[in-house]
Structures are given as structure tokens and as C-alpha cells.
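Colleague:
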Amino acid sequence: MKALNAIFHSFPIKLLVVHIKHNQFLLLYWFFLFSTVAGGFGKNLGIPYLFLDPIYLDSVGFWGFFIMGLSLAGFSMAFNITSYILDGFRFPFLGTLPRPFTHFCLNNSILPLSFMTFYVVKIIQFQRDYGLYSTGEIANSLLGLFTGFVIMLVLLFSYFTLTNRDIRAVMRKKARKQIKAGISQKRNAFRQLQRLRRGNVRCDYYVSIRLGFFSTKRFEKYYDRVAILGIFKQNQRNAIIAESFLIVTVFGLGLFQESRAFQIPAAASSVLLLTVIIMATGALSYWLRSWVVTAAIGLLIIFNLLFSEFNWGYRYPAYGIDYTVGKTPYNLDEIHEISGKDDIEASKAYWLDMLNNWKAKTGQEKPKMHLIAVSGGGQRSALWTTNVLQHIDSVKQGQLMNETFLITGASGGLIGAAFYRELFWLGNDPRNSIHRHEIGNQILNPLIFKLLINDIFLKVKSFEYAGQRYKVERGHTFEQNLAKNLNGALDRPLADYRSPEYRGEIPALLVSPLITNDGRKLYISPHPVSFLNYRDEENTIVQGVDFRSLLREHQPDSLRFLTALRMSATFPYVVPTITLPTEPPIQIADAGISDNYGIVDGLIFLNVFKEWIMENTSEVVFITIRDSSKEDELTAPEPQNVMERFFSPIQSVYKSWDKVQTIKNDQWYELTKEIFGDHLKRVEFQYTYQTLNRASLSWRLTEFEKQNIVESIHLPENQWALQKLK
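And the structure:
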């Protein structure tokens, strides 16, 4: 019993109790890290893999884990520094020890060491279970992690060792100042001593830096509290300097963010943000004490008013669009004006010319027409779409793009399809396996770093495109790194595709993101597309808006095509929402919100031009490429805790939305099938997984996820679909 009491009153346990009682926010950051690495947070988005398989300079190994070690050591030291500033004074005996901050860190290492142990175990399990790395490669990764961790600790502890003074030096200095001290200084010292006494926490034992277990009474009786207070004040100053150094280092990295060497793993960027936050919240707690919650709420209210009433905040632009001219009105009158009967008929006549040009290009009296609809799903869908198109094209002996008239879709799948079309247009062999590697290269590291370091805090750099200047932010970073991965493909203005699409040299590709203001689609094409607002006299609702007609005064033809694709792939939070120069401003969201599979747009096209298609083609093959299974077995609901029950209605709607769209698309298809009969056929490809979890919805895939996606084409249902296309 006596031994248990001694353990309970030991320094490490007491520090943990103080965190729980006074500074719960410090524990929240550790809870986030533990939960993420364990797979309890963001698993469907691939967030745990960012920690367990960090990629740096296109490879996973020593240097990626080395940077993770540096960032985790910096976070651990920020945790220790903040804890020391806030709670070090509660343990006066520390001031009597040599190297008090080092002693504090050692005894406050329960959480950092527990996390590092847990992290190492999870790394080994992950890399071993998926069989992607040998034992030597795993050991090399862990060596990098420990090397980075130790180097950062050595640098920071060296600073504290050189700057901290022994208590005897403090006492000598105190003796010299006592005679000179004025009344105000004495009163200030008295108030601090009173606070020191009130905040004391009983602690009988501590772990020495020599790893011995000692009583706290062995030194304290020899020194008075003024000297101890001087030690704490001096250590706090040094800690604040160290915090400032860490913050400057983080922001300094932002100056070199365009260099690949400084595009650190996404998980390391997240840890750096946590480091900045923990130091900022610690500083607020130190200066404001019990008023910190009130001050935080007050600041939140003030910023909310500034953003709403004074229109603060940055609005992300579409590159190539001119924002300097007067804003275009966006209201029902304007929508109906650019979507009138004359506009619809003119666009139909234009596309009939395109259809005739395509038919002439095939050299056949009644060619077979392919339409391709691809689903959204980040890089998972981009890689799956590219992979499927390569296999289809092999079956079609390289004629897929010649026989395809229109490509529709959303998000990552549309990026994959656009890339494949571009390779065909440029005369490259799109079936080369190297192109799967290119579309599968991660772009998340620079994106997350830009989000956490640049976009949240400051935007200082700018660039020029199509005669306009824009701020460098994560949207630009997304496009630049995507273009770099694809060797410059797709990096051209929208108007560059007008002529080859019109002449039938390449399939037409329709980008259709969602306008969040009213739920309409924004149809982006180098051609007039008002015909997509297919409606009779009784139906007056305009279903979509022609991008070029709406922004005719803002040089719409100069829109960067990469930006158009990004507008269709507005991944929440990671890729910013674009605002267009209208009044009121309209914001653009991911096309997958309206139709994640692009099927409806393709079916509208078929219905509008059904007479020409029935007369001039031998048949229509509607190829749909999904990044999910169309029908899954129903499973019993899992037991839910209180929080899961609370959020269950929202989660249920979110989970069922994919199925709702699938059912709606099938209804549309069946109605169209009634019109076309045997002239219309459908071939579906589905990415399904057998032995692994579904590849994450992210812009960074692990190697085993890539393998799983590529190998899914060999599943029986996909092989049967390929046979149908022969």
C-alpha cells in the first residue's frame, strides 16, 4: 500500500493528473494522433496511411520517416514546453534541481513515449501485413523515424542546457538585486509567490535524468521560494524563445514550398499544424489564464462578424477568368435569357455539325458510337478509369477514342478520362503502363502543406495566367503538381479543345460541376451546350447553365482546363471551392454531389439527338466505369455507442446517397432504353475489392491500394464486360 501511494504521488503520474484537471486541450491533440494511427479517424479518406506509409520524393523509406521523426519530436517538445510554461510552477522542487526543464520533460514523457511505441507497432503491423516491404526495408524506415526524433530532441535540449542557469547563480543574482529592488518590484514578486503557493501540487518522488527514483524533499529545504521563482521565470523565457524558433521554422518552410525537397509528407504537415496550434493555445492560456475560454469565444464572434458583415476572407478564383470587369448578374432572368429556345436550337445545330464531322472521320456509313461515363472518387477513380480505358482500348485494337463521341463524369474519374484522351490526341500510346504510374503519383503532400502553412495563415506569392494575376494557394498547387505528374498534359486553356472536338479528332468531354447557390449544373465545354437544358413547354425549370454564355464578358475561353477539372473535383476542405465573378457570387462544388457517375448528362445527349443517332449509327454502346460496386450485400447494423446513435441519421443519409444516385441513373437509363430499344447497349465496369479494404478516397494511394485497383480489372464481371466489347 505504501508503495502504491508513492507511485500515485510520483512526478509522472502527477503531471498527467494536472493535464487532465487543468489543460484538457493538451490531451486532445494526443487523442487525435492515437485515434488517427489506430484507424479510428478518417480511414475511408486514407488518413491513417499518411502516417503509416509516408511518401517523400515519390518513395516510402528512410527519409519520409526521418521527417516524421523530426515533426513528432517537435510536437512532443511543444507539448512539454507548453506544459512547463502552464504548470511547471506547481512543482516548486523542480527549481532546486539542475536542468529543471530536462527533468520536467523526462517525467512528462508518458504520452510521447506511449505514442511512439504505439506508432512503431502500427508501422510494423501495417508494412508486414500487406507484404510490400522486406524486413530490412521496415528496419530502415524505423531507423529513419528514430534518427529524426533523436536529432530534433538533441538540438532542442542542447539549447536549454546552454541557456538554463543553476539555482546557485540565481541566488547570487537575487542577493545583488534585493538591495536595489523597488517597492513595485517587491509587490510583484510577492504576488507571484502567492500564486506559486496556491498552485502547488503534492509530489513526493521524481525520476532523475540519471534514471534514478528520488524524493522531492532532498533539495527543496535549502533554497527559498524567490530563487525557485527565478528559475521558473528564466526557464519560461527560454521556452518561449524555443517556441518562437519552432514557429519561425514552420513558416520558413513555406518560403521554399515550390521545391520538391521541401514538400514534406502530408502527415508531417499535419503534425506541424498541431505543433503551431498547441503552442498558440498554450500562449493564450498562459497570458489569459481563466479568461482563455471567454477570450476564445469572443474572438470567434468577432471574426464571424468581420467575415459576414464586411465580406472578409479569400475567395478562390477560376484561373484564366477575368475578375477585373464588372460582375455578371446571376438571377432567374439571366438564366432564362441564356437558356432560351433560340439558344437551345443554335446549340443543337452546332452539335449536329459535330456529329456529322465525327461520322465523316470514322469513314463508315453507320459507325458504332461509344459514350463513356466515369465516376468520381479522387485518385482511386482516376487510376481505375485510366486502367479500364487501357484494357478496353486493347480489346478495341486502339480504336476506342475514334469510336467514342462523348465523355461525361465527375471528379477523379473525369481527370483520368481527360488524361487518356489527351495522350491519344498527342500521339502517345495511352495503353502504356507508365501512364498508370503517372496518374497514380501522389499530389497530397504539397497540397496539405499549402493548406496548413500557406492558406490558413497567409498568401504572399502570386502568379500570372492568361493576362490575369492570382494568389498562389492550394488550388494552384493541386493543378501544378497534377500537371507535373502528367508531364504537362491537360495544362492548356479550354479553347484549345474546340477545334479537335468539333472536327471529331477526339471525343467531346463535358465538365459539369454543381452550383451550390441553386443546385443547377454548370456546363463547361468549348462549345455551346444549352441543349442540355432539355425541356418541354410545360417544364420551365432551367436545369443547368452554360459556362461560356454566363461569363461571356470574362474571357471564358481562357479558363485553364486543369481548373475546369478541379471545379468538378472539389474535394471538401482539401481542394478549395471556386467562386465565380457574378452578382451574387456563385460557388462551385464537386460534380459528384449531383451525379457522381456522369450518366444523366450522357442520357440527355442521347435523348436530344435520338433521331440523328438512330439514323446514322449502327448502335450505341454506353460504357460506364464505376469506382464502387453497384450492388452490395445488405448487412445487419453494428452496435452503436451514444455518439454514433446521435450522428446516425446524418451518416445514414450520406451512406445512402451513392445508392440513391445509382437507382436514379438506372431509372433514367431504362426510360432511354425504351426509346432506343436494341440500338442502345450498356457495358459496366466496377471497382470491387476482395481481400482488402476499399482503396481510400484521397489524392494519395499506397502501393497496395494501387495494386488492388489495377488488379480489379481481372475480376470475372469485368472480364465479362471486356468480352462484350469485342
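What the sequence shown shows, in my numbering, is residues 16 to 741, in sequence order. From the three backbone atoms N, C-alpha and C, an ideal C-beta is built for every residue, glycine too.
Using only the alpha-carbon positions, how far apart do L48 and L41 sit?
Modeller: The alpha-carbon atoms of L48 and L41 are separated by roughly 12 Å.
Colleague: What does the alpha-carbon distance come out to for the pair I628 and S545?
Modeller: C-alpha separation (whole angstroms): 19 Å.
Colleague: For P596 and Y338, I'd like the C-alpha separation in whole angstroms.
Modeller: Cα to Cα, the separation comes out at about 6 Å.
Colleague: Excluding the 5 residues preceding and the 5 following W399 in the sequence, name in chain order all residues of the same chain whose CB lies nearer than 6 Å to its CB.
Modeller: Once the five neighbours on either side are set aside, the close Cβ partners of W399 are D642, Y702 and I724.
Colleague: To the nearest angstrom, report how far apart L686 and K696 are at their CA atoms.
Modeller: Cα-Cα distance, rounded: 13 Å.
Colleague: Which same chain residues end up closer than 8 Å to V698 when comparing Cβ atoms and leaving out the 5 residues on each side of it in sequence?
Modeller: If we look at V698 and ignore the five residues flanking it on each side, its Cβ neighbours are V636, F637, I638, T639, A736, K739 and L740.
Colleague: Can you tell which of I678, V623 and Y64 has its C-alpha closest to the C-alpha of L367?
Modeller: Here the closest residue by C-alpha is V623.
Colleague: Under the three-state reduction of DSSP, which class applies to F439: helix, strand or coil?
Modeller: It is helical.
Colleague: Can you find the residues in the same chain that come closer than 7 Å, C-beta to C-beta, to W683, ignoring five residues on each side of it along the sequence?
Modeller: I614, V615 and L618.
Colleague: Per DSSP, what kind of secondary structure is P445 in: helix, strand or coil?
Modeller: DSSP places P445 in coil when its eight states are reduced to three.
Colleague: Per DSSP, which one or two residues make a beta bridge with R697?
Modeller: DSSP, once it has assigned bridges, lists F637 as partnering R697.
Colleague: Enumerate in chain order the residues of its own chain whose CB-to-CB distance from T492 is below 6 Å, with the five nearest sequence positions on each side excluded.
Modeller: So the list reads P461, L462 and K465, once near-sequence residues are dropped.
Colleague: Given a cut-off of 8 Å, decide if V216 and N8 are closer than it, judged by their beta-carbon atoms.
Modeller: No information on residue 8 is available, as it lies outside the stretch 16 to 741 that the chain covers here.
Colleague: What would DSSP say about A388, mapped onto helix, strand or coil?
Modeller: It is a strand residue.
Colleague: If we count Cβ pairs, one from each stretch, closer than 8 Å, do we get three or more for the stretch 350–364 versus the stretch 387–398?
Modeller: Contact fails: fewer than three Cβ-Cβ distances are below 8 Å.
Colleague: For the alpha helix (DSSP H) holding G76, just list the boundary residues, first then last.
Modeller: No alpha helix (DSSP H) holds G76; DSSP gives it neither H nor E.
Colleague: Excluding the 5 residues flanking A498 on each side, which residues of the same chain have their C-beta closer than 8 Å to its C-beta?
Modeller: Result list for A498: A504, L505, D506 and L577, in chain order.
Colleague: Which residue wins for smallest C-alpha separation from I125, given the options T162, I138, E488 and I28?
Modeller: Among T162, I138, E488 and I28, the Cα nearest to that of I125 is on I28.
Colleague: Leaving out five residues before and five after S220 in sequence, what residues of the same chain have Cβ atoms less than 7 Å from its Cβ?
Modeller: Inspection of the sequence shows that residue 220 is occupied by Tyr rather than by Ser. Result list for Y220: A21, H24, S25, F26, F228, F229, S230 and T231, in chain order.
Colleague: Could you check if K195 is buried or exposed, using at least 16 other CB atoms within 10 Å of its CB as the buried criterion?
Modeller: Residue confidence for K195 is low, a pLDDT of 45 falling below 50, so the modelled location carries little weight and cannot support an answer.
Colleague: Grab the span of the beta strand (DSSP E) containing Y44 for me, first residue to last.
Modeller: Run containing Y44: none in the beta strand (DSSP E); it sits in the alpha helix (DSSP H), Q39 to A53.
Colleague: Could you give the distance in angstroms between the alpha-carbon of G427 and the alpha-carbon of R715?
Modeller: Each residue's alpha carbon lies about 12 Å from the other.
Colleague: Once the 5 residues before and after R567 are set aside, which same chain residues still bring their CB inside 7 Å of it?
Modeller: For R567, where only same-chain residues beyond five positions count, there are no Cβ hits under 7 Å.
Colleague: Is the Cβ-Cβ distance between Y485 and N372 less than 8 Å?
Modeller: It is not a contact, given that the beta carbons lie outside the stated cut-off.
Colleague: For the 8 Å Cβ check, are there 3 or more pairs between the stretch 283–290 and the stretch 74–92?
Modeller: With the cut-off at 8 Å, the stretch 283–290 and the stretch 74–92 touch.
Colleague: Hey, D605 and P528: beta-carbon distance below 8 Å or not?
Modeller: In this structure, P528 lies closer than 8 Å to D605 by Cβ.
Colleague: Taking contact to mean at least 3 C-beta pairs separated by less than 8 Å, is the stretch 162–181 in contact with the stretch 61–68?
Modeller: No, the stretch 162–181 does not touch the stretch 61–68.
Colleague: Per DSSP, A523 forms a beta bridge with which residues?
Modeller: Beta-bridge pairing links A523 to L421.
Colleague: Classify V286 as buried or exposed, calling it buried when 16 or more other Cβ atoms lie within 10 Å of its own Cβ.
Modeller: Buried, since its Cβ has 16 or more Cβ neighbours within 10 Å.
Colleague: My guess is that A432 and I387 are in contact by the Cβ rule of under 8 Å, so how many angstroms apart are they, rounded?
Modeller: About 6 Å; that satisfies the 8 Å criterion.
Colleague: Under the rule that 16 or more other beta-carbon atoms within 10 Å means buried, what is S74, buried or exposed?
Modeller: Exposed.
Colleague: What does a CB cutoff of less than 6 Å around I521 pick up in its chain, not counting 5 residues either side in sequence?
Modeller: Only R436, W440 and P515 meet the Cβ criterion.
Colleague: With a 10 Å radius around its C-beta and 16 neighbouring C-beta atoms as the bar for buried, classify Y44 as buried or exposed.
Modeller: Buried.
Colleague: Below 8 Å CB to CB, which residues in the same chain sit around R206 once its five sequence neighbours on both sides are set aside?
Modeller: The pLDDT assigned to R206 is 49, lower than 50, so where the model puts this residue is not dependable, and the model offers no usable value.
Colleague: Rounded to whole angstroms, what is the Cα-Cα separation between K679 and S644?
Modeller: Their Cα atoms are separated by approximately 16 Å.
Colleague: Using the rule of at least 16 other Cβ atoms within 10 Å of the residue's Cβ for burial, across every protein chain shown, is K536 buried or exposed?
Modeller: Burial call: buried.
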